[in-house]
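Novice:
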């Protein structure tokens with residue numbers, strides 16, 4: 029029994045030693061696995077951070093391009109608007125010149141018509157004046173004729 033106890037003790041000690049070795053191997057393997065998992069997680073995290081940065085920068089790039097495009101279109105619209113303002117101003121000035129020219133022409137035509145009308149009226153007044161003068165002179169003429177008639181009558185009476 030004593031040998032059995034010794035054998036059991038030896039076996040127990042040997043088993044303990046083997047268990048400790050196995051536990052140590054398992055710990056080392058678990059540590060290696062844990063380290064591998066942590067390393068993989070760190071790699072995945074770094075990759076995710078890199079992708080997130082790229083997405084962020086892509087978003088900033090979109091904003092930058094949009095801003096540039098808006099600035100370009102705003103400049104083009106502003107230039108076009110300024111050109112239209114200049115054209116409108118030139119059109120307005122030409123329109124005013126045309127109106128002034130037309131007004132001067134109408135005034136000139138009106139002056140000619142007024143002068144012609146004035147001449148016509150003056151001629152008509154002269155004709156009317158001549159008629160009136162001849163009407164006014166009738167009594168004087170009648171007086172002259174009457175005096176001549178009386179003179180002839182007296183001359184005839186003397187000769188008769």
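Residue numbers (our numbering): 29 to 188.
Backbone N, C-alpha and C define an ideal beta-carbon position, used for all residues, glycine too.
1) Where residue 57 and residue 65 are concerned, what is the direct C-alpha to C-alpha distance, given to the nearest angstrom?
2) Using only the alpha-carbon positions, how far apart do residue 37 and residue 52 sit?
3) Could you check the C-alpha separation between residue 110 and residue 97 for me, to the nearest Å?
4) Measuring straight from C-alpha to C-alpha, what distance separates residue 39 and residue 71?
5) Do you know how far the Cα of residue 116 is from the Cα of residue 107?
6) Rounded to whole angstroms, what is the Cα-Cα separation between residue 151 and residue 170?
Specialist: Taking the structure as given:
1) 12 angstroms
2) 22 angstroms
3) 20 angstroms
4) 46 angstroms
5) 14 angstroms
6) 28 angstroms
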